[in-house]
Every structure is written in C-alpha cells, then in structure tokens.
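Under my numbering, think of the first position of the sequence shown as 162, with each following residue one higher. Don't be surprised by glycine CBs; every beta carbon is placed ideally from N, CA and C. These numbers were taken from a predicted model, which means no experiment stands behind them. Worksheet: one structure, shown below.
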Amino acid sequence: MAPSLTQKFDGKKFLWDGVNYESRDEAQKALEAYKDKGFDVELVESDDGQFMVYSRRVAAVQSAE
C-alpha cells in the first residue's frame, strides 16, 4: 500500500516527497536538505520499516502594488 500523499502534524498539512527511504539515515539527510531550504519537515516510519519525509513551506506574502 502506498503512503498517504498528505499528512497533518499539529493541524498543519504536509506533503510527502514521494520517496521511500530504506534507512533513517537516508531520510534524515533528505530532511536536513529540506530544512536548509526553509521547509518545515516531519519524518515518519512506516510499518514495514521504510521512512518517509513530509514537508511544507508557507509562501511569502507578496504586496499588490
């Protein structure tokens, strides 16, 4: 069964990056890369021992001038 494309954490919607990581270390590296780009991230371990990274980023508010 495929992981959910979206998950809610603390009432906020996160999107799965589409990769099933085989190890926590691989997933942690991806998580850190997203963090470095300004994303909020969450790491989830599935029942079969794979890891998924979910991320979100709030769009910057642009003024209408």
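Rounded straight-line distance, which links the Cα of residue j to that of residue i
i: Thr-167; j: Val-205; result: 12 Å
i: Gly-199; j: Asp-186; result: 20 Å
i: Glu-183; j: Ala-221; result: 33 Å
i: Glu-193; j: Asn-181; result: 16 Å
Assumed close pair residue i, residue j - CB separation to whole angstroms, cut-off 8 Å
i: Phe-212; j: Ala-188; result: 4 Å
When the options are compared against residue i, the one with the closest alpha-carbon
i: Leu-176; options: Gly-199, Lys-196, Ser-165, Ala-221; result: Ser-165
i: Lys-174; options: Glu-193, Asp-201, Leu-192; result: Asp-201
i: Ser-216; options: Asp-208, Gly-210, Asp-197; result: Asp-197
Residue i vs residue j beta-carbon contact at 8 Å
i: Asp-178; j: Ala-191; result: yes
i: Val-219; j: Tyr-195; result: no
request  = Entirely within the region 182-219 and at least 3 residues each: give me those beta strand (DSSP E) ranges in chain order.
outcome  = 201-206, 212-217
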